[in-house]
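Student: Shown below is the structure under consideration.
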């Protein structure tokens, strides 16, 4: 039974009901195969029966649907009849529409041909009118009207190519005559500098179709006007140089160059409409390039004459020669004063003004070109490049080289002078040298940045760093090298005000110089970020400024060394009080503890010694220096006290006494300095805490995870050693601690 169900569920091995199945059955000889095939056939028969039953069960539904379709067929007949009627009406309408539209198209074609013929006739008439109009306008010298007739005729020619050659020849002759007249009139107006007539005739080039020629003629006129004005002003400058060579303020090279730039800029701005009307924005770029050639020619002459007038090559040679002589040890003592720094400063200001003028002019023109949108892609880059590679730009580079030499000389001479005339300033903690030197450096660097030339900034910045690291640094340390200066601090057992002022001032100079270097670095960095947006330029400046940062650290190191020397002078006067602490006992009874509360055994004497030998310097030192000075004294005291306390024995009251002593020290020194001093006394305070414990195991309440916010400065070994200082703590209990 199960095998029969399995066979029913499995698909038959052959396709029953086909000719192939019949041949297969006839070829069978094996009884088993026959039996299996018989079962498959029976199963196939049962499946057919089931399918028949299923189909027969749907008969009633199919009959209903068939009946419904038969009813619908009558409606379809009606619909078909109506559709045929509609098709007949549409076909007749379509035929009628085609017939009517064909006539309309014929009429439209005829009308368009008539209109075209009328327009052509109008063009012929208008062309004739143009020819006549040109002749009449020429006779009446009405050149504007003549140009309009020519322009209109050319437009008609472009629309109707089949016009008669005879009329074209007549018009071209008139056009040629008009062009000749316009060019002659324009040349005459240019020669007479008659600007109104120049504008009148240059505007006729566009209707005549010779815009490029007109652009060249008009820009040439502008260039002549600018060149003539510049030449006259330059000649006037030359006369002043010859007549008033001793009155340099009369020879205004800056004004001469300013007027040249102003004329060029106004020529571009005021003639914008005319240039655009001739050749669009390409006309503006062409004019800028042509006028830039005039700038290269005239501007270079002004700068070269300025360099000659101010003897810049000679001044630079003298400065270089002086620098070489200073490098030669054998010639160092020769009295070669060199140029006057005050004269050099005047020249530097003039050079700065000239360079700024050139850079502002170039920046304006380049931005003008970049602001144009409809320009030949190849024209704009070439025009922009001409500003950086022209003769004016090359002369500016030459004058920039002289500027760097003069600025370096001015900076060095004034820094050396500030060092040379260094003196104490009343109501000041530093000498005059500090403010004077950094004022000079700041002024020179600001001037270098104002040139808008990155090479100048780098050169002056490098010179400033060199001055600070060599001559100025040496001047700062010179006083500290004076022999026996520290010994003079307490002559006769008391503080010597003059010597203290000298030492404090030297240290103040170093402290303020370190601060000024960082301020100068920050200021220069901010200004360079605004002036030089290019990443490459910023990296160059950053590299040079890092030297200033290093210089600040160098000053701080020298300052720390000087403070340590000062502390080494003060601490011997405090050491006797500390040595006396070694004799003080901390194995106290209650009576001794109470006595110490009334009569302090050593803390007040120590604080008095510090006040006497150190506090008098507070008014002489900067806040930063005095705080550092006090902290160095505190470090000395704390280290010595730690050593002393580690050699004593303590009772619990002794530990309490040490805690009270530490609190008194912290409280007093906190009032002497603006910086926190608790970290300096941390180890000593923690020793007092340990020595205050009731029993050894209490240390675990403060150690490890139980330490809370406190950070232990003592190692486990040091904690055990401090616990061993208590006379009542057993060594076995201390050794058993797990720290």
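In the working numbering, the protein residues as written are 1367 to 2105. The beta carbon of each residue, even a glycine, is placed where N, CA and C say it ideally should be.
Considering only the beta carbon of each residue, do residue 2050 and residue 2004 sit closer than 8 angstroms?
Tutor: Cβ atoms of residue 2050 and residue 2004: closer than 8 angstroms.
Student: I'd like to check one pair, residue 2032 with residue 2127: are the Cβ atoms closer than 8 angstroms?
Tutor: Nothing can be reported for residue 2127: it is not among the residues displayed for the chain, which extend from 1367 to 2105.
Student: Are there 16 or more other CB atoms within 10 angstroms of the CB of residue 1887, so buried, or fewer, so exposed?
Tutor: So residue 1887 counts as buried.
Student: Are the beta-carbon atoms belonging to residue 1722 and residue 1623 less than 8 angstroms from one another?
Tutor: For residue 1722 and residue 1623, no; Cβs fall outside 8 angstroms.
Student: Whole angstroms is fine: what's the gap from residue 1577's alpha carbon to residue 1600's?
Tutor: If you take the alpha carbons of residue 1577 and residue 1600, they lie about 34 angstroms apart.
Student: Quick check: residue 1765 and residue 1673, are their CB atoms within less than 8 angstroms of each other?
Tutor: A contact, by the Cβ cut-off of 8 angstroms.
Student: With the cut-off set at 8 angstroms, would you say residue 2057 and residue 2088 are in Cβ contact?
Tutor: Yes; because the gap between Cβ atoms is below 8 angstroms, this pair is in contact.
Student: Where does residue 1753 fall in DSSP's three states?
Tutor: If DSSP states are grouped into helix, strand and coil, residue 1753 belongs with the helices.
Student: Can you tell me where the alpha helix (DSSP H) with residue 1942 in it begins and where it stops?
Tutor: Start and end: 1941–1947.
Student: State the Cα-Cα distance for the pair residue 2085 and residue 1953, rounded to the nearest angstrom.
Tutor: Roughly 19 angstroms separates the two Cα atoms.
Student: Does the pairing of the stretch 1782–1795 with the stretch 1731–1740 give three or more beta-carbon distances under 8 angstroms?
Tutor: In short, these stretches do not touch, since the Cβ pair count stays below three.
Student: In angstroms, rounded to a whole number, what distance separates the CA positions of residue 1436 and residue 1444?
Tutor: Each residue's alpha carbon lies about 14 angstroms from the other.
Student: Report back the beta-carbon spacing between residue 2039 and residue 1997 to the nearest angstrom; my notes put them in contact at under 8 angstroms.
Tutor: About 7 angstroms separates the two Cβ atoms, so the contact holds.
Student: Going by the CB atoms, is the gap between residue 1940 and residue 1911 shorter than 8 angstroms?
Tutor: Not closer than 8 angstroms, so no.
Student: As a quick exercise: from 1937, 1942, 1966, pick the residue whose alpha carbon is nearest that of residue 1951.
Tutor: Looking at the Cα atoms, 1966 is the closest of the given residues.
Student: Do residue 1811 and residue 1826 come within 8 angstroms of each other at the CB atom, strictly closer than that value?
Tutor: Result yes, Cβ atoms of residue 1826 and residue 1811 sit closer than 8 angstroms.
Student: By how many angstroms is the C-alpha of residue 1663 removed from the C-alpha of residue 1559?
Tutor: Whole-angstrom Cα-Cα distance: 22 angstroms.
Student: Within 10 angstroms of the Cβ of residue 1805, are there 16 or more other Cβ atoms? Answer buried if so, exposed if not.
Tutor: With fewer than 16 other Cβ atoms within 10 Å, it is exposed.
Student: Under the DSSP definition of a beta bridge, which residues are partnered with residue 1790?
Tutor: The partner list for residue 1790 (beta bridge, DSSP) reads 1797.
Student: Name the DSSP beta bridge partners of residue 2092, please?
Tutor: DSSP output for residue 2092 lists 2016 as bridge partner(s).
Student: DSSP state of residue 1769, grouped into three classes?
Tutor: Correct three-state label for residue 1769: helix.
Student: Here's a check: name, in chain order, each residue in its chain whose Cβ is nearer than 8 angstroms to the Cβ of residue 1461, leaving out the five neighbours to either side.
Tutor: Hits under 8 angstroms: none found.
Student: One question on the structure: do residue 1627 and residue 1727 come within less than 8 angstroms of each other, judged by their Cβ atoms?
Tutor: Yes; because the gap between Cβ atoms is below 8 angstroms, this pair is in contact.
Student: Kindly indicate which three-state DSSP category residue 1952 falls into: helix, strand or coil?
Tutor: It is a strand residue.
Student: Taking 8 angstroms as the cut-off, does the stretch 1679–1691 touch the stretch 1704–1716 (at least 3 CB pairs, one atom from each stretch)?
Tutor: Contact between the stretch 1704–1716 and the stretch 1679–1691 is present, because at least three Cβ pairs lie under 8 angstroms.
Student: Going by DSSP in three states, residue 1742 sits in which element: helix, strand or coil?
Tutor: It is coil, neither helix nor strand.
Student: Helix, strand or coil for residue 1567, going by three-state DSSP, please let me know.
Tutor: Residue state, collapsed to three classes: helix.
Student: Among 1717, 1660, 1677, 1570, which has the Cα closest to the Cα of residue 1621?
Tutor: With distances taken between Cα atoms, residue 1621 lies closest to 1717.
Student: Can you give me the C-alpha to C-alpha distance between residue 1907 and residue 1896, rounded to a whole angstrom?
Tutor: Going from the Cα of residue 1907 to the Cα of residue 1896 covers about 12 angstroms.
Student: Going by C-alpha to C-alpha distance, which of 1917, 1814, 1900, 1815 sits closest to residue 1838?
Tutor: For residue 1838, the nearest C-alpha among the options comes from 1917.
Student: Which class does residue 2046 belong to by DSSP, given the choice of helix, strand or coil?
Tutor: In the structure shown, residue 2046 sits in coil (DSSP, three-state: anything other than H, G, I, E or B).
Student: Just confirm the distance between the C-beta atoms of residue 1588 and residue 1657, as a whole number of angstroms; I'd bet it's less than 8 angstroms.
Tutor: The Cβ separation is near 7 angstroms, so the contact holds.
Student: Since residue 1875 contacts residue 1842 with CB under 8 angstroms, what's their CB separation in whole angstroms?
Tutor: At roughly 6 angstroms, the Cβ-Cβ gap stays under 8 angstroms, so residue 1875 and residue 1842 are in contact.
Student: Buried or exposed: which applies to residue 1516, given that a residue is buried once 16 or more other Cβ atoms fall within 10 Å of its Cβ?
Tutor: Its Cβ being crowded by 16 or more others within 10 Å, residue 1516 is buried.
Student: Could you give the distance in angstroms between the alpha-carbon of residue 1894 and the alpha-carbon of residue 1715?
Tutor: Between residue 1894 and residue 1715, the C-alpha separation is close to 20 angstroms.
Student: Where do the ends of the alpha helix (DSSP H) carrying residue 1901 lie?
Tutor: Start and end: 1901–1936.
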